[in-house]
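2 protein chains.
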Amino acid sequence: MATTNTQVLLASRPAGWVTEDNFRIVEAPMPEPSEGEALVRNRWLSLDPYMRGRMSDAKSYVPPAALDAVMVGQTVGEVQASRHPSLVPGDTVLTDLGWQAFGVAPAKTLRKLDVSRIPASYYLGVLGMPGITAWFGLFDIGAPKAGDTLVVSAASGAVGSVVGQLGKHHGCRVVGIAGGPAKCDYVVRELGFDACIDHKAGGLSEALRAQCPDGVDVYFDNVGGPILDTMLRAMNLHSRIVICGLVAEYNATEPYGYRNLRAVLVKRIRMQGMIVFDWADRYGEAVAGLAALVASGKLRYRESIVDGLENAPKGLIALLKGENFGKQLVKLA
Amino acid sequence: MATTNTQVLLASRPAGWVTEDNFRIVEAPMPEPSEGEALVRNRWLSLDPYMRGRMSDAKSYVPPAALDAVMVGQTVGEVQASRHPSLVPGDTVLTDLGWQAFGVAPAKTLRKLDVSRIPASYYLGVLGMPGITAWFGLFDIGAPKAGDTLVVSAASGAVGSVVGQLGKHHGCRVVGIAGGPAKCDYVVRELGFDACIDHKAGGLSEALRAQCPDGVDVYFDNVGGPILDTMLRAMNLHSRIVICGLVAEYNATEPYGYRNLRAVLVKRIRMQGMIVFDWADRYGEAVAGLAALVASGKLRYRESIVDGLENAPKGLIALLKGENFGKQLVKLA
């Protein structure tokens, strides 16, 4: 058993792109659970685009991560010791313990996971925030009808890959947007999208016209920036845009200037921002639906794994640059 | 009785601001009604910001007005001769006959108006497209709750003045945005808004903070451009933006670049474009509600009148520059 606790701290706030210098790895004393708490050994750390926002002190939907504190994030871990009757050593739990090897938390903040039929790491992805985001964003905001054309950006990512597959099961024509031929190939061949446009190849407008001959009814946006601006021109009358992530803006020092907002009026588009927290009282509904699809093999899912907590900064940087492939995780020792 | 028909034709499409050169005044033969049609003498012509869009051939929600044809627009007129049993000479009707002294149209396209208790011209304003736009935009898209803060741009205009008064009756704190102290004074003193910000005075952000201490729950946008961009930063969590007009863009040769769209995600804003045509099957509902308020003196309304069809181009140009005050009309001879 380890005697110290490896932690990754937020050392400084990034100006533009995140660098490894923004983090500092330290050894802290092993924490001990107080009454009502449990000690957890983290097995999987989730890396997500939202983390870029938390590293900044710009006003956002949650306060920024604190400097010189453990970097924030969700993990799946194993209970080592418990001072609350609801948990026993060996239980697998979902936590907000962040970028550290061990942590203590009140037992009531730890969600016990059933790992008898579903791999533990899935609760950070397809059955976790990304999957739940895809579910409510698509169905509650995108409101697709069978026969609609659905376009999804970051289509090979943790959210986009689920959105597109749900759209297919719902009877939509689904077109992904992803960076590079390998991702596009995966999106079409493995995930079953009807088509995928490589935005790095240029000519997005022309490709959209070719792949969406009836226009676009729902655009699920995970990226913002020039791709969102181009999509605005491709939308149909009374179409919907789900604003789920603006990765293109997270690393920009200047906000992007959107020039096609006129389409919102002309096409009577409904554009709505979403954060999954707003559906907190309905998570169970999405998890049940997603778990049934995963269990029956109808929802394909891919993980991209970085080995070792010390490599988490590299993993996040790669994710923000779009170099990952599927749900990005860190496997802890 | 006149023997020729004065018409204002669209002579050329504007590049940037509309000029009088974009129109040509001609004398055409007096039209004669065929079977099923009526001859109408126009008494009032409505001037509206949407006309700028129709003068352009950029893709929009309706086809552009044709060159060398009578400029499009709604009128209220008097039936002179009828070859359909539903209309008789002397009837007052709402028409789409456009910028001309007389016109013929199928009787079934002419809506007979009750002018016994409501002035005929009101059917082009508070009980016409602008009022109906205000009604459905505010209630169906803005979805205000009592106690909400509602901000309305072009607050002294045909749509904005109705939006704000409906908001007050609904129990909202209502803050207008208008150009110049005279309009702001009118909006507060005569229309009963809680406050009005003069955007020409500069410092819109600071004024919004002062006048909307609890943030903004509903923004009814009639202007677009930098005012919309600034409003994005003032919006509350889960707020709504009604995109009803983008006057700031109509005359720009380059579209405006919106830099604060990130707020849509962070604040989970719902932004939706609207055109009143989408509620065509429910117009009666709005007209009934508005007429009751007008009849009981609870809805104040002001008209800005240009005299003579030949001055319609000047009137439209002034409207697009924000020089009008209230609903802009042309009174025909």
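Chains as they are written, first to last, in my numbering: chain A, 768 to 1100; chain B, 768 to 1100.
Even for Gly, the Cβ is constructed at its ideal location relative to N, Cα and C.
7 Å Cβ cut-off: residues of chain B touching residue i
i: I885(A); result: Within 7 Å Cβ-Cβ: nothing; I885(A) doesn't reach chain B, min ~30 Å.
i: Y1025(A); result: G1024, Y1025, L1028
i: L1013(A); result: R1029, L1032
Candidates the options, of which the one nearest residue i by Cα
i: G783(B); options: E1016(B), R1037(B), P796(B); result: E1016(B)
i: S779(A); options: C963(A), N789(A), L814(A); result: N789(A)
i: A1058(B); options: L894(B), H936(B), N1091(B); result: L894(B)
i: G840(A); options: P852(A), D858(A), M896(A), D881(A); result: M896(A)
i: L1060(A); options: C963(A), C951(A), Q774(A), R884(A); result: R884(A)
i: G865(A); options: Q774(A), S923(A), L933(A), H851(A); result: Q774(A)
i: E1090(A); options: P1022(A), Y1023(A), A949(A); result: A949(A)
i: G1040(A); options: G1012(A), S849(A), A833(A); result: G1012(A)
i: L1076(B); options: R791(B), E1021(B), Y1025(B); result: R791(B)
i: G1051(B); options: K935(B), A769(B), G898(B), S849(B); result: G898(B)
i: R1067(B); options: A1053(B), C963(B), L933(B), A1055(B); result: L933(B)
i: A872(A); options: M838(A), V955(A), R850(A); result: R850(A)
i: M838(B); options: D858(B), L1032(B), A1053(B), Y817(B); result: Y817(B)
Same chain, Cβ closer than 7 Å to residue i, five either side skipped, listed in chain order
i: V785(A); result: R819, M822, L1083, I1084, L1087
i: E1070(A); result: S888, G892, G1093, K1094, L1096
i: T997(A); result: L971, S972
i: R810(A); result: V843, G844, E845, A887, L1099
i: H937(A); result: P911, A913
i: V955(B); result: A962, C963
i: I908(B); result: R1007, V1009, Q1039, M1041
Three-state secondary structure (DSSP) of residue i
i: C963(B); result: strand
i: R956(A); result: helix
i: V926(B); result: coil
i: Q841(A); result: coil
i: G1040(A); result: strand
i: W1046(B); result: helix
i: I1010(B); result: strand
i: E1070(A); result: strand
i: Y817(B); result: helix
i: E802(B); result: coil
i: I1084(B); result: helix
i: N1027(B); result: coil
i: D981(A); result: coil
i: P993(A); result: helix
i: H1005(A); result: strand
i: T786(A); result: coil
i: G892(A); result: coil
i: D988(B); result: strand
Sequence-distant residues of its chain with Cβ nearer than 8 Å to residue i (five each side left out)
i: L854(B); result: A805, V846, V860, A874, L877, K879
i: N772(A); result: E794, A795, P796, M797, P798, Q867, A868, F869, G870
i: I994(B); result: S920, I944, H966, L971, D988, A1015
i: L1028(B); result: L999
i: A836(B); result: L776, L777
i: Y1025(B); result: L995, D996, L999
i: A1030(A); result: L999, R1000, M1002, I1036
Neighbourhood of residue i by C-beta, 6 Å cutoff - its chain only, sequence neighbours within 5 removed
i: A1175(B); result: With chain B covering 768 to 1100 only, the question about residue 1175(B) has no answer from this structure.
i: G787(B); result: Residue identity check: residue 787(B) is Glu in the sequence provided, not Gly. Same-chain partners within the cutoff: P1080.
i: L814(B); result: G1082, L1083, L1086, Q1095
i: G927(B); result: V919, A921, N989
i: C939(B); result: P911, D915, L917
i: V1073(B); result: G1082, V1097
i: R808(A); result: G844, E845, Q847, F869
Chain C contact residues for residue i, given Cβ-Cβ distances below 9 Å
i: R1037(B); result: In summary, chain C is missing from the structure at hand, where the protein chains are A and B.
Any non-hydrogen atom of the ligand ATP closer than 7 Å to residue i Cβ
i: E957(B); result: This structure lacks the ligand ATP; in fact it carries no ligand of any kind.
Closer than 7 Å at the beta carbon, the chain A residues around residue i
i: E1016(B); result: R1029
i: D1045(B); result: R1035
i: I1010(B); result: V1031, L1032
Should the stretch 932-947 of chain A be called in touch with the stretch 1039-1052 of chain A, which here means at least 3 C-beta pairs below 8 Å? Taking one beta carbon from each stretch, the stretch 932-947 of chain A and the stretch 1039-1052 of chain A have fewer than 3 pairs nearer than 8 Å; the two do not touch.
Is the stretch 1025-1041 of chain B touching the stretch 999-1012 of chain B, taking contact as three or more C-beta pairs under 8 Å? Enough Cβ pairs lie closer than 8 Å, so yes.
So does the stretch 973-984 of chain A actually touch the stretch 917-924 of chain A, counting three or more Cβ pairs closer than 8 Å? At 8 Å Cβ cutoff, the stretches touch.
Quick check: the stretch 981-991 of chain B against the stretch 953-962 of chain B, are there 3 or more CB pairs under 8 Å? No: the two stretches stay apart, fewer than three of their Cβ pairs being nearer than 8 Å.
Okay, do the stretch 892-909 of chain A and the stretch 792-802 of chain B touch, 3+ Cβ pairs below 8 Å being the bar? Touching, no.
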